[in-house]
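Residue numbers (the UniProt record's numbering), protein chains in the order written: chain A, 1 to 398; chain B, 1 to 398.
No residue lacks a Cβ here, since even glycine has one placed at the ideal position from N, Cα and C.
Model, not experiment: these values are computed from the prediction.
Single-structure report; data block below.
Number of protein chains: 2
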Amino acid sequence: MTARSWVPVPKGSDFPLQNLPYGAFSADGGSPRIGVAIGDHMLDLAAALGDPVFARPRLNEFLSRGRRHWTAVRARITDLLTDPAQKAAARPSLIPRDAVRLHLPVDVADYVDFYASEHHASNVGRILRPGGDPLNPNWRHLPVGYHGRSGTVVVSGTEIVRPRGQRRPADGQPPAFGPTTRLDIEAEVGFVVGTPSALGERVTPAAFADHVFGVVLVNDWSARDIQAWEYVPLGPFLGKSFATSVSPWVVPLDALAAARFQPPPREPEPLPYLRDNGAWGLDLRLEVSWNGFVVSRPPFAEMYWTPAQQLAHLTVGGAALRTGDLFASGTVSGPRRDECGSFLELTWNGTEPLRLPDGTERTFLEDGDTITIRATAPGDSGVRIGFGEVTGTIRPAR
Amino acid sequence: MTARSWVPVPKGSDFPLQNLPYGAFSADGGSPRIGVAIGDHMLDLAAALGDPVFARPRLNEFLSRGRRHWTAVRARITDLLTDPAQKAAARPSLIPRDAVRLHLPVDVADYVDFYASEHHASNVGRILRPGGDPLNPNWRHLPVGYHGRSGTVVVSGTEIVRPRGQRRPADGQPPAFGPTTRLDIEAEVGFVVGTPSALGERVTPAAFADHVFGVVLVNDWSARDIQAWEYVPLGPFLGKSFATSVSPWVVPLDALAAARFQPPPREPEPLPYLRDNGAWGLDLRLEVSWNGFVVSRPPFAEMYWTPAQQLAHLTVGGAALRTGDLFASGTVSGPRRDECGSFLELTWNGTEPLRLPDGTERTFLEDGDTITIRATAPGDSGVRIGFGEVTGTIRPAR
């Protein structure tokens, strides 16, 4: 029998009892503190559990306590929300979610962005290097990744100021300087590290869940013209560092047992340090909306490299992990055009504009555009769980 | 007349009164706290000034107070160390430096590495793309840079474990996995940000000293074979993320007034946002030692892009600065072979081994090798100031 909460959960809610994502919230002008979402409410964990770790403005200290503690706290919250005998005591800790403000849930230590979708990498190859092999020689051997700017990771709802920068000129011409004319999104899934690792120590794919606490949605805003000019030979820099938005909810791995899914076959077989038996493929279904119209439904189940492989690769050279490290999957794209997670792909580098139901055409983003990424996954007991959303509106260059 | 301290300063010391670099130290098993170096001593600032900001284990909180405060504290320390009337009161706060342990001075927020030496970038181009233009088309238009891993920035003296990883194979072959066989250094100069900036706000070259507190030496250890395989198209990742060493001393910009130096002419003229009138060229003279033998003397005065231009570029797209951000210059190389800051250049990609006075030959680093980078600069009153050292010894792969 499906466990039920005494807190009412509306049909179709992202936040049934089987989810319980963590977030940082404030209410009535108070300081940010930690809660979990249940239906249309937020459970104030400092009040409900009496643990001062939840009175902190960010999740980091809780995350540093490790897998056993995370699972025990989740069991305790589930118990609290299902046991009628605890209802009277817990009820004052429930706050209507429309009365709270949500904040960045984690102080991000290092932010790494991967490039783990074969469909996305192939599309980019076909667009930027037509006629050549769509995948670079290293792509099937390792999860390609790079470090992004953790200081510009912002919470959903933060306005995105169109960046200025040097844009790629015609061959041999000097670069133009000004607001980007090719502002894009990247719909991604991010993984939040709780348990650190020592310098020089590697984390195997099997140890993934010992280190990773949970999952957020990520929009890695990208200025394609700035990136195209600057990226040789050291990779993206200003084309990516003006803002990276994350959802306010961290969905615990413990909520994703039913979403585990065999990833596509990997050929050639990865080197031994990357072998994970596909254990952390995840059937997350993303949805990208432009000004309210759904323009894409990227399937995370199609990702070539799993997050367990990404973490194993990240640490194989001895890089230490810190509590609060965030690594993202890279753009999630499926095999179909309407499953792509970037406008670069959705409009084939701007050559095939999207036509929206309101008659608008779009190639890259214009000022005032709002992009919202949502996702769902199978949860326990046959329910569907949701990730909330990561949204942002473009403001003119300053 | 040159001001003199009542603390004796041995001739040739890196740390005359005109320097006063900040560091984090511990003594007698106590907790790390903040001091400045003077001659062979450390002045315990929490004890000497009674400000609890110096009882913290890192400089960040002090750095967040801003330029006016930094300059005022420096004046107060100088006064304390020169006024004979204060000698009796201050003397108990002086600790012999050989009795202290030095720690990482700053919690590093974001770490950015530039590529600002024309000699270095040209050498790399000649080595890796013989026959082509040694500089990429973007190089003279912007300071090329990328984000590194701030979680693996370590203090001088930390042992460097040889990283394992996928190494570049012969064309068409699968990659080999194992310890890097091309372990290298990059002798760099790093700049520590104190005053933050808001998301969406740019920092002009003229505002450099409002934001940057001081200077450290950096050794950006690099695994060339790992980097060569992974870096297309998103830049260096595991080839650089296993360790980046920094000196324990942060030399304040206030100590470098006499070191300011007109950089080489920039042609074409940079875009307006990068124009700095050469105001922050710096005449720092680096020295790289291998197992005690000096192998190179890289001249920082030869750098094409100044740190003020690097900071202006980093923020022009709206990236926020945080207290503790570190950005490094990239490898410092001069026009002569024995002025190069990497073994890649010193041995021309391993084809021309270095011959050391003890009869040894070296291409890339072997286990047990110790690399030490030092630097000096002109200080006020005609003295020479030093930066201490950043040193590290290679340990076998685990």
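Asked                                                                                                                   : Found
Assigned secondary structure, B/Arg297 (DSSP; H/G/I helix, E/B strand, else coil)                                       : coil
Buried/exposed call for A/Pro298, threshold 16 Cβ in 10 Å                                                               : buried
Of the residues B/Val294, B/Gly341, B/Trp305 and B/Phe364, the one placed nearest B/Pro270, counting alpha carbons only : B/Trp305
Under 9 angstroms from the C-beta of B/Thr152: neighbouring residues of chain A                                         : Asp110, Leu199, Gly318, Ala319 and Ala320
N- and C-terminal bounds of the alpha helix (DSSP H) containing A/Trp290                                                : Taken as a continuous stretch (DSSP letters only), A/Trp290 belongs to no alpha helix (DSSP H), being part of the beta strand (DSSP E) at Arg285 to Trp290.
7 angstroms Cβ cutoff, B/Gly235 in contact with chain A                                                                 : yes
B/Asp184 vs B/Phe364 beta-carbon contact at 7 angstroms                                                                 : yes
C-beta atoms of B/Gly23 and B/Pro105 nearer than 7 angstroms                                                            : yes
For B/Thr315 and B/Thr82, the rounded distance between their alpha carbons                                              : 40 angstroms
Boundaries (first-last residue) of the alpha helix (DSSP H) holding B/Ile185                                            : Here B/Ile185 belongs to no alpha helix (DSSP H), and DSSP marks it neither H nor E.
Given B/Pro175 as reference, the closest of B/Ile226, B/Trp290, B/Val246 and B/Leu286 once Cα atoms are compared        : B/Ile226
Partners in chain A for B/Glu61, counting only beta-carbon separations shorter than 9 angstroms                         : Result: empty, since nearest Cβ-Cβ is about 16 angstroms, beyond 9 angstroms.
Classification of A/Asp79 by the beta-carbon crowding that lies within 10 angstroms, buried from 16 upward              : exposed
Alpha carbon of A/Val231 to alpha carbon of B/Asn349, nearest angstrom                                                  : Checking the sequence shown, residue 231 of chain A turns out to be Tyr, not Val. Each residue's alpha carbon lies about 23 angstroms from the other.
Contacts of A/Glu230 in chain B (Cβ-Cβ under 8 angstroms)                                                               : Asn138, Leu142 and Val144
Neighbouring residues, chain B, relative to residue 399 of chain A (Cβ below 9 angstroms)                               : There is no way to answer for residue 399 of chain A, as the model of chain A reaches only from 1 to 398.
Within chain B, partners of A/Gly379 - CB distance below 7 angstroms                                                    : Here the premise fails: no neighbours, minimum Cβ distance about 33 angstroms.
For B/Leu326, the first and last residue of its enclosing beta strand (DSSP E)                                          : Leu326 to Ala328
Buried versus exposed, by CB contacts within 10 Å (16 or more), residue 420 of chain A                                  : Missing from the structure shown is residue 420 of chain A; chain A here goes from 1 to 398 and no further.
Short CB-CB distance (under 7 angstroms) between A/Leu238 and chain B                                                   : yes
Enclosing beta strand (DSSP E) for A/Thr315 [first to last residue]                                                     : No beta strand (DSSP E) holds A/Thr315; the alpha helix (DSSP H) holding it covers Pro307 to Thr315.
Residues bridged to A/Ser117 [DSSP beta-bridge criterion]                                                               : Answer is none; A/Ser117 lacks a bridge partner.
A/Val155, buried or exposed, once every other Cβ within 10 Å from all chains shown has been counted against 16          : buried
At least 3 beta-carbon pairs within less than 8 angstroms: the region 112-123 of chain A vs the region 59-73 of chain A : no
Contiguous beta strand (DSSP E) assignments of at least 3 residues, all confined to the region 12-98 of chain A         : 22-27, 33-38, 41-44 and 94-96
Beta-ladder partner(s) of A/Asn219, from DSSP                                                                           : A/Ala187 and A/Ser245
Residue-chain proximity (A/Arg149, chain B), Cβ-Cβ < 7 angstroms                                                        : yes
Neighbourhood of A/Gly214 by C-beta, 6 angstroms cutoff - its chain only, sequence neighbours within 5 removed          : Val192, Val250, Val251, Pro252 and Leu253
Cβ of A/Val161 within 7 angstroms of any chain B Cβ                                                                     : yes
Below-7 angstroms beta-carbon distance, A/Thr391 vs any chain B residue                                                 : no
Presumed contact (8 angstroms Cβ cut-off) between A/Val53 and A/Ala187, rounded CB distance                             : A/Val53 to A/Ala187, Cβ: 32 angstroms. No contact.
A/Val36 classed as buried or exposed, judged by whether at least 16 other C-beta atoms fall within 10 angstroms         : buried
Three-state secondary structure assigned by DSSP to A/Gln173                                                            : coil
The region 381-390 of chain A in contact with the region 308-322 of chain A per 3-pair CB rule at 8 angstroms           : no
Cutoff 7 angstroms; reference B/Gly12; Cβ partners in own chain excluding five residues on either side                  : none
A/Ser122 (DSSP reduced to helix, strand or coil)                                                                        : helix
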